[in-house]
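Visitor: Top to bottom, those sequences are chains V and R.
Straight run, no breaks: the first sequence in my numbering ends on number 362.
Straight run, no breaks: the second sequence in my numbering ends on number 526.
Cβ coordinates follow ideal geometry from the N, Cα and C atoms, glycine included.
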Amino acid sequence: MGKATIIPFGPQHPVLPEPLHLDLVVEDEKVIEAVPQIGFIHRGLEKLTETRDYNQFIYIAERICGICAVGHSLGYAETVEGLMGLEVPKRASYLRVILHEMSRIHSHMLWMGLAADAFGFESLFMHCWRLRERVLDLFEAMTGGRVILSAVRVGGMVRDQDAATLAHVQEVLEGIKDEYHEICRAFLNDSSVRSRLVGVGVIEHDDAVNLGMVGPFARASNVVNDVRCKEAGAYAELSDFTPITSTDCDCYARVEVRAKEILQSIDIIEEMIARIPEGPVFEKPKGSPADGAMACGALEQPRGECYYYAQGNGTKYLQRMRMRTPTSMNLAGMAAALKGCDLADVNMIVLTIDPCISCTER
Amino acid sequence: MAVKQTYTDIELAQLLDLAAEKKAAGYRCVNTHCVNTVDGVDIIYTFVVDGGDDVYENYRIKNVPHHGHIPSIQGYFPGVFPFENETQDLYGITVDDMLLDFHFNFYSTDVSEPMTVITPEKKAAMEKAAKIAKAKAAKAAKDAKAKADAAKAAAPSATEEKGE
Numbered sequence: 001m002g003k004a005t006i007i008p009f010g011p012q013h014p015v016l017p018e019p020l021h022l023d024l025v026v027e028d029e030k031v032i033e034a035v036p037q038i039g040f041i042h043r044g045l046e047k048l049t050e051t052r053d054y055n056q057f058i059y060i061a062e063r064i065c066g067i068c069a070v071g072h073s074l075g076y077a078e079t080v081e082g083l084m085g086l087e088v089p090k091r092a093s094y095l096r097v098i099l100h101e102m103s104r105i106h107s108h109m110l111w112m113g114l115a116a117d118a119f120g121f122e123s124l125f126m127h128c129w130r131l132r133e134r135v136l137d138l139f140e141a142m143t144g145g146r147v148i149l150s151a152v153r154v155g156g157m158v159r160d161q162d163a164a165t166l167a168h169v170q171e172v173l174e175g176i177k178d179e180y181h182e183i184c185r186a187f188l189n190d191s192s193v194r195s196r197l198v199g200v201g202v203i204e205h206d207d208a209v210n211l212g213m214v215g216p217f218a219r220a221s222n223v224v225n226d227v228r229c230k231e232a233g234a235y236a237e238l239s240d241f242t243p244i245t246s247t248d249c250d251c252y253a254r255v256e257v258r259a260k261e262i263l264q265s266i267d268i269i270e271e272m273i274a275r276i277p278e279g280p281v282f283e284k285p286k287g288s289p290a291d292g293a294m295a296c297g298a299l300e301q302p303r304g305e306c307y308y309y310a311q312g313n314g315t316k317y318l319q320r321m322r323m324r325t326p327t328s329m330n331l332a333g334m335a336a337a338l339k340g341c342d343l344a345d346v347n348m349i350v351l352t353i354d355p356c357i358s359c360t361e362r
Numbered sequence: 363m364a365v366k367q368t369y370t371d372i373e374l375a376q377l378l379d380l381a382a383e384k385k386a387a388g389y390r391c392v393n394t395h396c397v398n399t400v401d402g403v404d405i406i407y408t409f410v411v412d413g414g415d416d417v418y419e420n421y422r423i424k425n426v427p428h429h430g431h432i433p434s435i436q437g438y439f440p441g442v443f444p445f446e447n448e449t450q451d452l453y454g455i456t457v458d459d460m461l462l463d464f465h466f467n468f469y470s471t472d473v474s475e476p477m478t479v480i481t482p483e484k485k486a487a488m489e490k491a492a493k494i495a496k497a498k499a500a501k502a503a504k505d506a507k508a509k510a511d512a513a514k515a516a517a518p519s520a521t522e523e524k525g526e
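In structure tokens:
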């Protein structure tokens, strides 16, 4: 047995777009323990609820993270609407789902590009990001923004989308689908990709449950956990929705789950566009959240379940707004997946949880 | 999105038993967080069992004193280590017996226990809301008194009518 050495990994590392530090205890190139540490970019955004009223705070909420901007504004708005007993027009809830699923597509494509870059498949990385640009173009056409959209507000949507725009969205997504199938084939069948991913960073189903993992990271270990199944809103009106899971439990399974979720999201958007009802997209909120009123909400973000909690104090400012992001639930799982792996596989395993440190630290 | 939810107040002494019970029943701990109040810190634990009735069960421990101690539930739910360390850093509550303890150094903050600081904006808004609530209550009491007086004034005339 070799001598144990501690190798620091991050917070600045080529594979990490955001600062995450790991103390890797290594013996003979095998990782025997990994201790994660964050805390480099804590911005105290939850504290800002004290200086921004509940209508203003949505612009802070969507700046928690650039990739999950739509999700955070949506989760925040829906929790405050629950707090105030406000019912959103049906058309608005359909439009919200359309934007949220488009956000999932661009997030997963961004991640797949990063994963391809990490295992050295540069052309795959470029193709993923090329397709992602088309989704961002759609965001721009619909809302005027490419990353921060400011499309959702408490009570509904900022603006409606006409039939021509929705038809354009459908047409572009159909085009993306055709090209994406080719990229997907490379991800799932290429021998060089499989050699880097199959059997790497395994987390068995029971461990995933025990560690409370969420999102594609958990579903790749066959944990059937997807908030979209639990919702009473527009998702409940889908003709069919089954979470995508895998029994392989390794890095390859995590790629597979995300790759298939992109196609599932396109199907959801197409169904929503086909069934979207006519009507208003905004219901003006009246008054302030009652003193002591509490509400919680959950949303399936691209990285997994995000939990929101709001408490009123009788003023237009919230007493508390809490946003528990998926990565914070997956850090323990990541440390477990790193145990026993080769040092060379560390970057691949860290990447397959799709860590979002900005979200986690807020 | 709107999810089914419940809220229950519990005592601090019940926390570990609750965690053990939830773990045995197959729940996962979704979140733990704190709410700063004038009397202390409220700590809320949220559990859900996937594939069951999907109810998010929130358990609140009220008024844990500032700089007080609470037990860790990492032994049952290891995934909560970021939230318990956050409780220490942002609220100054010591969480005892954590498996992964960053000893108040999880987040790098300029101000210690920043979430317990009540900002002037928040204080002003709360005072204003209290004044409005007080004025509303006084107006309601005044209206009720006027109504009672009117009813009282109407009552003797009815008696008089009977007497006639």
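Which residues bound the alpha helix (DSSP H) around residue 326 of chain V?
Guide: As a working mapping, residue 326 of chain V is identified with position 326 in the first sequence. Counting along the chain, residue 326 of chain V sits inside the alpha helix (DSSP H) bounded by residues 326–338.
Visitor: Listed from N- to C-terminal order along the chain, which residues in the stretch 309–320 of chain V have their beta-carbon within a distance smaller than 9 Å of any beta-carbon of chain R?
Guide: Residues passing the 9 Å Cβ filter: 309, 311, 313, 314, 315, 316, 317, 319 and 320.
Visitor: Would you list, in sequence order, the uninterrupted alpha helix (DSSP H) runs of no fewer than 4 residues that lie entirely inside the stretch 377–456 of chain R?
Guide: Runs found: 377–386 and 443–453.
Visitor: Suppose the cutoff is 6 Å on Cβ atoms and the five residues either side in sequence are ignored; what does the same chain contact list for residue 294 of chain V look like?
Guide: Your numbering for residue 294 of chain V matches position 294 in the first sequence. Excluding positions up to five away in sequence, the list reads 311.
Visitor: Taking only beta-carbon positions, decide if residue 25 of chain V is within less than 8 Å of chain R.
Guide: To locate residue 25 of chain V, count along the first sequence from 1; it is residue 25. Not closer than 8 Å to any Cβ of chain R, the Cβ of residue 25 of chain V fails to qualify, so no.
Visitor: Report all residues from its chain with a CB closer than 8 Å to the CB of residue 526 of chain R; omit the five preceding and five following residues, and keep chain order.
Guide: On the second sequence, position 164 is the one that residue 526 of chain R refers to. Since pLDDT at residue 526 of chain R reaches only 46, below the 50 mark, its modelled position is unreliable, and the value read off the structure follows with that caveat. Around residue 526 of chain R: no qualifying Cβ.
Visitor: At a CB-CB cut-off below 7 Å, which residues of chain V make contact with residue 483 of chain R?
Guide: Numbered from 1 along the second sequence, position 121 holds the residue referred to as residue 483 of chain R. What residue 483 of chain R touches in chain V: 50 and 51.
Visitor: Can you give me the C-alpha to C-alpha distance between residue 131 of chain V and residue 186 of chain V, rounded to a whole angstrom?
Guide: As a working note, residue 131 of chain V is residue 131 in the first sequence. As a working note, residue 186 of chain V is residue 186 in the first sequence. Their backbone Cα atoms lie some 15 Å apart in a straight line.
Visitor: Within 8 Å (strictly less), CB to CB, does residue 138 of chain V reach chain R?
Guide: Stepping through the first sequence from its first residue, residue 138 of chain V is reached at position 138. Not one chain R Cβ lies under 8 Å of residue 138 of chain V.
Visitor: Along chain R, in chain order, which residues have C-beta atoms closer than 8 Å to that of residue 40 of chain V?
Guide: Translated into positions along the first sequence, residue 40 of chain V becomes position 40. Chain order gives the chain R residues near residue 40 of chain V as 470, where near means a beta carbon separation below 8 Å.
Visitor: Does chain V have any CB closer than 8 Å to the CB of residue 423 of chain R?
Guide: The residue labelled residue 423 of chain R in the question sits at position 61 within the second sequence. No, no contact with chain V.
Visitor: For residue 93 of chain V, which residues from the same chain have a beta carbon less than 6 Å from its beta carbon, with the 5 sequence-adjacent residues on both sides left out?
Guide: Against the first sequence, residue 93 of chain V aligns to sequence position 93. Within the same chain, residue 93 of chain V has close Cβ partners 233 and 234.
Visitor: Should residue 369 of chain R be flagged as near chain V, meaning a C-beta pair shorter than 8 Å?
Guide: Within the second sequence, numbered from 1, the residue matching residue 369 of chain R stands at position 7. Yes, its Cβ sits closer than 8 Å to a Cβ of chain V.
Visitor: Taking 8 Å as the cut-off, does the stretch 290–309 of chain V touch the stretch 180–194 of chain V (at least 3 CB pairs, one atom from each stretch)?
Guide: no
Visitor: If we call anything under 8 Å between Cβ atoms a contact, is residue 22 of chain V one with residue 34 of chain V?
Guide: If you number the first sequence from 1, residue 22 of chain V lands on position 22. If you number the first sequence from 1, residue 34 of chain V lands on position 34. Closer than 8 Å, so yes.
Visitor: Cβ of residue 112 of chain V within 8 Å of Cβ of residue 337 of chain V?
Guide: Here residue 112 of chain V refers to the residue found at position 112 of the first sequence. Here residue 337 of chain V refers to the residue found at position 337 of the first sequence. Contact flag unset, no.
Visitor: Quick one, which of V:285, V:322 and V:354 has its alpha-carbon nearest residue 85 of chain V's?
Guide: The residue you call residue 85 of chain V lines up with position 85 of the first sequence. Nearest C-alpha to residue 85 of chain V: V:285.
Visitor: Based on Cα-Cα distance, which residue from V:114, V:314, V:95 and V:239 lies nearest to residue 153 of chain V?
Guide: Locating residue 153 of chain V in the first sequence gives position 153, where the first residue counts as 1. Ranking the options by Cα distance to residue 153 of chain V, first place goes to V:95.
Visitor: Assuming residue 36 of chain V contacts residue 323 of chain V (C-beta within less than 8 Å), just tell me the rounded distance between them.
Guide: For the purposes of this step, residue 36 of chain V is taken as the residue at position 36 of the first sequence. For the purposes of this step, residue 323 of chain V is taken as the residue at position 323 of the first sequence. Not really, about 20 Å apart at Cβ, beyond 8 Å.
Visitor: Chain R partners of residue 44 of chain V, CB-CB under 7 Å?
Guide: One-based indexing of the first sequence puts residue 44 of chain V at position 44. Within 7 Å Cβ-Cβ: 476.
Visitor: Check whether the stretch 115–123 of chain V and the stretch 190–202 of chain V touch, using three or more Cβ-Cβ pairs below 8 Å as the test.
Guide: Taking a cut-off of 8 Å on C-beta distances, the stretch 115–123 of chain V touches the stretch 190–202 of chain V, as three or more cross pairs fall below it.
Visitor: How many Å lie between residue 493 of chain R and residue 398 of chain R at the Cα?
Guide: Along the second sequence, read from residue 1 onward, the residue named residue 493 of chain R stands at position 131. Along the second sequence, read from residue 1 onward, the residue named residue 398 of chain R stands at position 36. Roughly 21 Å between the two C-alpha positions.
Visitor: Measure the C-alpha to C-alpha separation of residue 75 of chain V and residue 309 of chain V and round it to an integer number of angstroms.
Guide: Working through the first sequence from its first residue, we reach residue 75 of chain V at position 75. Working through the first sequence from its first residue, we reach residue 309 of chain V at position 309. Their Cα atoms are separated by approximately 10 Å.
Visitor: Applying the 10 Å Cβ sphere with the 16-neighbour rule, what's the burial state of residue 432 of chain R?
Guide: Stepping through the second sequence from its first residue, residue 432 of chain R is reached at position 70. With 16 or more Cβ atoms within 10 Å of its Cβ, residue 432 of chain R is classed as buried.
Visitor: Would you call the CB atoms of residue 443 of chain R and residue 385 of chain R closer than 8 Å?
Guide: Locating residue 443 of chain R in the second sequence gives position 81, where the first residue counts as 1. Locating residue 385 of chain R in the second sequence gives position 23, where the first residue counts as 1. Cβ distance not < 8 Å, so residue 443 of chain R and residue 385 of chain R don't count as in contact.
Visitor: Within 8 Å (strictly less), CB to CB, does residue 449 of chain R reach chain V?
Guide: Reading the second sequence from its first residue, position 87 is the one you call residue 449 of chain R. Judged by the 8 Å Cβ criterion, residue 449 of chain R is not in contact with chain V.
Visitor: Could you tell me whether the stretch 467–478 of chain R touches the stretch 392–406 of chain R, where touching means 3 or more Cβ pairs closer than 8 Å?
Guide: Below 8 Å, enough C-beta pairs join the stretch 467–478 of chain R and the stretch 392–406 of chain R to call them touching: three or more.
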